[in-house]
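Student: Under this note's numbering, the first residue of the sequence shown carries the number 858, and numbering increases by one thereafter. Below is a structure I'd like to ask you about.
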Amino acid sequence: MNVGGLVASNMKTCPKCAAQTSADAWLCSCGYEFTGSEPLSPSSASLTTTPAKTWIKRAFYVICGFALLGYLLVSPNSPLERPSIVRVILTWGRLAPFPESAQVSSITATGNMFTRGFRVSFTAPAPDIEQWLRQSPGTRDLIPDVPAPGLRHFQIEPGGGAQGAEVSVDDEIHRVSVYVYWS
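So, in structure tokens, the structure goes:
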């Protein structure tokens, strides 16, 4: 029998004499009368996948594998690219390494072959953020804009060939956001 691409052999085993009998038989050669509730025999009721289903499954796994590999090797937002993105952000923004206590919440890359931008945001205790701002060449001599209470914005003279760099600090939630770009 073929049901949805799965092949099953419909045989029953007689509980009295262990003889194999057709699934539609009601009487065994030993005289046992089947009630209809007996299970198919375990050895013959195994479900096997047809070659077409096997090929489709394998193709699916191969395609998923290549997609994952492509993401890891090519995507700018890949976890493998994050250390490189952080180095670029620190160079272009003329920033000191992030504080040891920093909890990075996001790192993203944007752009195309004509423009490129990188964003990172992290949280850290207020004293660590202040020390980081003092240690960073890009922010240490700047007076920040204060667009709202508890929010500071530093427009940095970029380094490493970038065209722009900015740091925003939310003093209420101790979150730092950095954006660097070139085009």
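C-beta: ideal position from N, C-alpha, C; glycine also.
#1: Looking at the secondary structure, which residues open and close the beta strand (DSSP E) in which Gln960 lies?
#2: How would you label Leu990, buried or exposed, when you count the other beta carbons within 10 angstroms and need 16 or more for buried?
#3: Which same chain residues end up closer than 6 Å to Ile946 when comparing Cβ atoms and leaving out the 5 residues on each side of it in sequence?
#4: May I have the straight-line CA-CA distance separating Ala876 from Phe923, to the nearest angstrom?
#5: Buried or exposed, going by whether 16 or more other CB atoms sit within 10 Å of the CB of Ile1013?
#6: In the structure shown, what three-state DSSP assignment does Pro984 receive?
#7: What's the gap between the Cα of Arg951 and the Cα of Gly927?
#8: For the segment 1022-1033 against the segment 979-997, are there 3 or more C-beta pairs whose distance is under 8 Å?
#9: Out of Phe971, Ala966, Gly1017, Tyr918, state which residue places its alpha-carbon closest to the alpha-carbon of Glu938.
#10: What's the call for Val1003, buried or exposed, on a 16-neighbour Cβ count within 10 Å?
#11: Taking all protein chains shown into account, decide if Cys874 is buried (16 or more other Cβ within 10 angstroms of its Cβ) or exposed.
#12: Thinking C-alpha only, which one of Ala981, Met970, Ser941 is nearest Phe955?
#13: With a threshold of 16 other CB atoms inside 10 Å of the CB of Gly1018, please say whether the residue is buried or exposed.
#14: In the DSSP assignment, find the unbroken alpha helix (DSSP H) run with Pro830 in it and report its ends.
#15: Run the CB neighbour count on Ser1040, radius 10 Å, all protein chains shown included, and call it buried at 16 or more, exposed below.
Tutor: To lay it out plainly:
#1: By one-based count along the sequence shown, residue 960 stands at place 103. First-last of the beta strand (DSSP E) with Gln960: 960-968.
#2: Counted from its first residue, the sequence shown places residue 990 at position 133. Answer is buried; the Cβ neighbour count reaches 16.
#3: Numbered from its first residue, the sequence shown carries residue 946 at position 89. The residues are Phe975, Val977, Val1035, Val1037.
#4: Position 19 of the sequence shown, counting from 1, holds the residue named residue 876. Position 66 of the sequence shown, counting from 1, holds the residue named residue 923. Answer to the nearest angstrom: the Cα atoms are 50 Å apart.
#5: As a position in the sequence shown, residue 1013 is number 156, starting the count at 1. Ile1013 is buried by the Cβ-count criterion.
#6: The residue labelled residue 984 in the question sits at position 127 within the sequence shown. Of the three classes helix, strand and coil, the one that applies to Pro984 here is helix, per DSSP.
#7: For this step, residue 951 is matched to residue 94 along the sequence shown. For this step, residue 927 is matched to residue 70 along the sequence shown. The alpha-carbon atoms of Arg951 and Gly927 are separated by roughly 31 Å.
#8: yes
#9: Residue numbering aside, residue 938 sits at position 81 when the sequence shown is read from its first letter. Checking every option, the nearest Cα to that of Glu938 belongs to Ala966.
#10: Translated into positions along the sequence shown, residue 1003 becomes position 146. Under this definition Val1003 is an exposed residue.
#11: Here residue 874 refers to the residue found at position 17 when the sequence shown is read from its first residue. By the 10 Å Cβ count, Cys874 comes out exposed.
#12: Within the sequence shown, residue 955 is the residue found at index 98, counting from 1. Checked all of Ala981, Met970, Ser941; the closest Cα to Phe955 is Ala981.
#13: Walking along the sequence shown from the start, residue 1018 turns up at place 161. Flag for Gly1018 reads exposed.
#14: Nothing in the structure corresponds to residue 830, since the chain is present only between 858 and 1040.
#15: Locating residue 1040 in the sequence shown gives position 183, counting from the first residue. Under this definition Ser1040 is an exposed residue.
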